[in-house]
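The block underneath contains the structure these notes are about, expressed in structure tokens.
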Amino acid sequence: MGNLKFADTTLRDGEQAPGVAFTVGEKVQIAKMLDSLGIEYIEAGIPAMGPPEDEAIKEILDLGLKAVISTWNRANISDIKASLACGAKHIHVSAPVSDIQIKTKLCKNRTWVVENMKRAVCYALEQGCSVTVGAEDASRADLEFLIEFTVQARREGAERLRFADTIGILEPFRTKQIIGMLLENTGMDIEFHGHNDFGMATANTFAAFKAGARFLSTTLGGLGERAGNCSFEEILAVLKQHEGIDLNVNDEMLTDTLNYLNVASGRSEFSSKITKPGYRALTIFEQYYPLL
Ligand SMILES: CC(=O)SCCNC(=O)CCNC(=O)[C@H](O)C(C)(C)COP(=O)(O)OP(=O)(O)OC[C@H]1O[C@@H](n2cnc3c(N)ncnc32)[C@H](O)[C@@H]1OP(=O)(O)O
Ligand SMILES: CC(C)C(=O)C(=O)O
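Everything in the sequence shown is counted per our numbering, starting at 20 for the first residue and increasing by one.
Shown next as structure tokens:
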């Protein structure tokens with residue numbers, strides 16, 4: 020998909036959607052389908068959760084897919100050991116970076132967060148893994164601290180930073196400004212992870228792309244915690260319509276994948292996602308919407 024890369028989190032954040040629990044077989048099938056669509060990065064799950072999550076992750080890793088398979092870890096060594104036990108080679112280390120989450124969720128301070136992130140990154144690298152770092156609740160973080168956290172992650176050897184709009188409070192203008200500022204001040208590659216609480220996950224993801232984020236975190240159908248995440252098929256349509264970027268995703272395969280997910284997620288409203296305006300515009304009625 021060229022310079023722009025997709026990091027799918029249907030199997031991790033998608034499964035955090037209310038009422039959704041995939042079986043091991045469903046997770047493996049979804050991973051195969053994501054790979055067939057040409058998605059470059061697949062977040063397979065959280066090994067620290069134990070069985071059956073770790074079984075699914077092992078099976079996915081054993082498939083030898085083209086996509087890079089990563090696992091989600093808290094900023095601690097025991098989570099990374101659980102990932103290594105599954106055979107993971109690509110470790111995502113995640114930590115809250117807003118003061119509100121550092122204080123209320125972790126009961127810690129900024130120094131603790133940076134030190135534990137660094138220790139976890141360093142450990143994973145020593146084990147021969149590649150590492151990405153996640154900044155949870157980045158949209159509510161103090162900007163100077165976010166820059167400091169990112170610079171330290173980069174120095175430690177992390178490949179990129181996942182900027183999470185964890186509670187979905189950003190809007191596109193602010194997103195563009197904040198991602199641009201982060202890129203300018205850190206030189207770190209950015210992955211944008213948006214939530215849809217105000218219905219702006221796709222718009223914010225597009226704004227992050229316009230600001231220079233090369234990695235877009237998406238889920239099939241926008242499945243994800245609370246109101247969900249940026250949907251893969253929507254941002255595909257937006258990129259095509261507004262940027263003329265055609266990622267040549269096989270439309271039939273995408274529809275089959277969404278239909279499979281509809282059944283696996285048990286979310287009946289999900290099937291209607293393929294009739295969402297953005298997606299439909301470019302797949303069914305493309306001739307009426309000349310590309311820019
Ligand atoms: C915003 C997000 O989407 S984050 C991803 C969220 N997804 C999930 O949490 C998946 C479901 N969660 C689980 O199954 C479990 O919470 C597990 C397996 C991940 C962890 O289980 P446990 O360790 O038994 O319990 P628990 O969730 O209470 O862990 C809390 C501990 O993790 C710490 N912690 C939480 N997040 C992080 C983090 N990102 N980095 C470091 N430590 C963290 C807490 O401070 C707390 O530490 P303490 O034990 O010293 O007080
Ligand atoms: C763990 C992260 C990336 C997440 O899902 C969020 O903060 O929204």
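The beta carbon of each residue, even a glycine, is placed where N, CA and C say it ideally should be.
Q: Find out if the Cβ-Cβ distance for the pair T205, E178 is shorter than 8 Å.
A: Against the sequence shown, residue 205 aligns to sequence position 186. Against the sequence shown, residue 178 aligns to sequence position 159. Contact flag unset, no.
Q: Name the two residues that bound the continuous beta strand (DSSP E) containing N92.
A: Taking the sequence shown and counting its residues from 1, the one referred to as residue 92 is at position 73. Per DSSP, N92 belongs to the beta strand (DSSP E) from 87 to 93.
**Q.** Any non-hydrogen atom of ligand 1 within 7 Å of Q35 CB
**A.** Numbered from its first residue, the sequence shown carries residue 35 at position 16. Between ligand 1 and Q35, a heavy atom-to-CB distance of less than 7 Å is present.
**Q.** Residues bridged to R181 (per DSSP)
**A.** The residue labelled residue 181 in the question sits at position 162 within the sequence shown. DSSP, once it has assigned bridges, lists G153, E210 as partnering R181.
Q) In three-state terms, what does DSSP make of D98? A) One-based indexing of the sequence shown puts residue 98 at position 79. Look at D98 here: in three-state DSSP terms it is helix.
Q: Spell out the partners DSSP gives P115 in its beta bridges.
A: To locate residue 115, count along the sequence shown from 1; it is residue 96. In the DSSP output, where bridge partners are listed per residue, P115 has E155.
Q: Within the same chain, show all residues whose beta-carbon is closer than 7 Å to that of D265, passing over the 5 residues directly before and after it, in chain order.
A: Counted from its first residue, the sequence shown places residue 265 at position 246. Excluding its 5 nearest sequence neighbours in each direction, D265 has C-beta neighbours in its own chain below 7 Å: K259, listed in chain order.
Q.
Would you say the beta carbon of N135 is closer than 7 Å to some non-hydrogen atom of ligand 1?
A. Stepping through the sequence shown from its first residue, residue 135 is reached at position 116. Proximity of the beta carbon of N135 to ligand 1 is indicated: a heavy atom of the ligand is located closer than 7 Å.
(Q) Tell me the DSSP secondary structure of K127 in three-state form. (A) Within the sequence shown, residue 127 is the residue found at index 108, counting from 1. It is coil, neither helix nor strand.
**Q.** Selected residue, minimal CA-CA separation from F192, among M200, N128, E252
**A.** If you number the sequence shown from 1, residue 192 lands on position 173. Closest option to F192, judged by alpha-carbon separation, among M200, N128, E252: M200.
Q. Skipping 5 residues on each side, what residues in its chain have a beta carbon closer than 6 Å to that of Q35?
A. As a working mapping, residue 35 is identified with position 16 in the sequence shown. Beyond the five residues adjoining it in sequence on each side, Q35 comes within less than 6 Å, by CB distance, of E244 in the same chain, given in chain order.
Q. How should V282 be labelled, buried or exposed, when 16 other C-beta atoms within 10 angstroms of its C-beta is the threshold for buried?
A. The residue labelled residue 282 in the question sits at position 263 within the sequence shown. By the neighbour-count rule (16 or more Cβ atoms within 10 Å), V282 is not buried but exposed.
Q. Using 8 Å as the Cβ pair cut-off and three pairs as the minimum, do the segment 122 to 131 and the segment 71 to 91 touch?
A. Judged by Cβ distances under 8 Å, the segment 122 to 131 makes no contact with the segment 71 to 91, as fewer than three pairs qualify.
Q. So is the beta-carbon of E155 under 7 Å away from any non-hydrogen atom of ligand 1?
A. The count along the sequence shown starts at 1 and reaches residue 155 at position 136. It does: the Cβ of E155 is within 7 Å (strictly closer) of some heavy atom of ligand 1.
Q) Would you report the Cα separation of T194 and L277, rounded to the nearest angstrom? A) As a working note, residue 194 is residue 175 in the sequence shown. As a working note, residue 277 is residue 258 in the sequence shown. One alpha carbon belongs to T194, the other to L277, and they sit about 28 Å apart.
(Q) Taking DSSP's pairing of strands, which residues face D270 in a bridge? (A) Numbered from 1 along the sequence shown, position 251 holds the residue referred to as residue 270. DSSP, once it has assigned bridges, lists no residue as partnering D270.
**Q.** Local Cβ density within 10 Å of L82, reported as buried at 16 or more and exposed below that
**A.** Within the sequence shown, the letter at position 63 stands for residue 82. With fewer than 16 other Cβ atoms within 10 Å, it is exposed.
Q) Is the Cβ-Cβ distance between S102 and E155 less than 8 Å? A) Translated into the one-based positions of the sequence shown, residue 102 becomes position 83. Translated into the one-based positions of the sequence shown, residue 155 becomes position 136. The beta carbons of S102 and E155 sit no closer together than 8 Å.
Q: Name the two residues that bound the continuous beta strand (DSSP E) containing S236.
A: Counted from its first residue, the sequence shown places residue 236 at position 217. For S236, the uninterrupted beta strand (DSSP E) run begins and ends at 234 to 237, by DSSP.
Q) How about N223 and N248: do their beta carbons lie closer than 8 Å? A) As a first step, residue 223 is located in the sequence shown; it is residue number 204 there, counting from the start. As a first step, residue 248 is located in the sequence shown; it is residue number 229 there, counting from the start. No.
Q.
In the DSSP assignment, the beta strand (DSSP E) including I61 goes from what residue to what residue?
A. As a first step, residue 61 must be located in the sequence shown, where it is residue number 42. Its beta strand (DSSP E) spans residues 60 to 64.
Q.
Output needed for A183: all residues of its chain with C-beta closer than 7 Å, excluding positions within five of it in sequence on either side, in chain order.
A. Position 164 of the sequence shown, counted from the start, is the residue given in the question as residue 183. For A183, where only same-chain residues beyond five positions count, the Cβ hits under 7 Å are G153, A154, E155, D156, A157, H212.
Q) How would you label E210, buried or exposed, when you count the other beta carbons within 10 angstroms and need 16 or more for buried? A) Taking the sequence shown and counting its residues from 1, the one referred to as residue 210 is at position 191. So E210 ends up on the buried side.
Q. Can you tell me the Cα-Cα spacing of D27 and Y142, whole angstroms?
A. Walking along the sequence shown from the start, residue 27 turns up at place 8. Walking along the sequence shown from the start, residue 142 turns up at place 123. Their backbone Cα atoms lie some 25 Å apart in a straight line.
Q: Tell whether a beta-carbon distance below 8 Å holds between F234 and K24.
A: Translated into positions along the sequence shown, residue 234 becomes position 215. Translated into positions along the sequence shown, residue 24 becomes position 5. In this structure, K24 lies closer than 8 Å to F234 by Cβ.
Q | Best match in E167, D161, I110, E252 for proximity to E5 [C-alpha to C-alpha] | A | Absent from the model: residue 5. The displayed extent of the chain is 20 to 311, so no value can be given.
Q) Taking the C-alpha atoms as reference points, what is the distance between S97 and K46? A) Locating residue 97 in the sequence shown gives position 78, counting from the first residue. Locating residue 46 in the sequence shown gives position 27, counting from the first residue. The C-alpha of K46 is placed about 24 Å away from the C-alpha of S97.
Q: Going by CA-CA distance only, name the one from T221, A256, G147, D73 that's closest to G44.
A: On the sequence shown, position 25 is the one that residue 44 refers to. Comparing alpha-carbon positions, the option among T221, A256, G147, D73 lying closest to G44 turns out to be D73.
(Q) Among the candidates P115, D118, I58, whose CA atom is the shortest distance from the CA of V87? (A) Here residue 87 corresponds to residue number 68 of the sequence shown, with the count starting at 1. For the residues P115, D118, I58, the minimum Cα distance to V87 belongs to I58.
Q) If you run the structure through DSSP and keep just helix, strand and coil, what is D27? A) Taking the first residue of the sequence shown as 1, we reach residue 27 at position 8. Per DSSP, reduced to three states, the secondary structure at D27 is strand.
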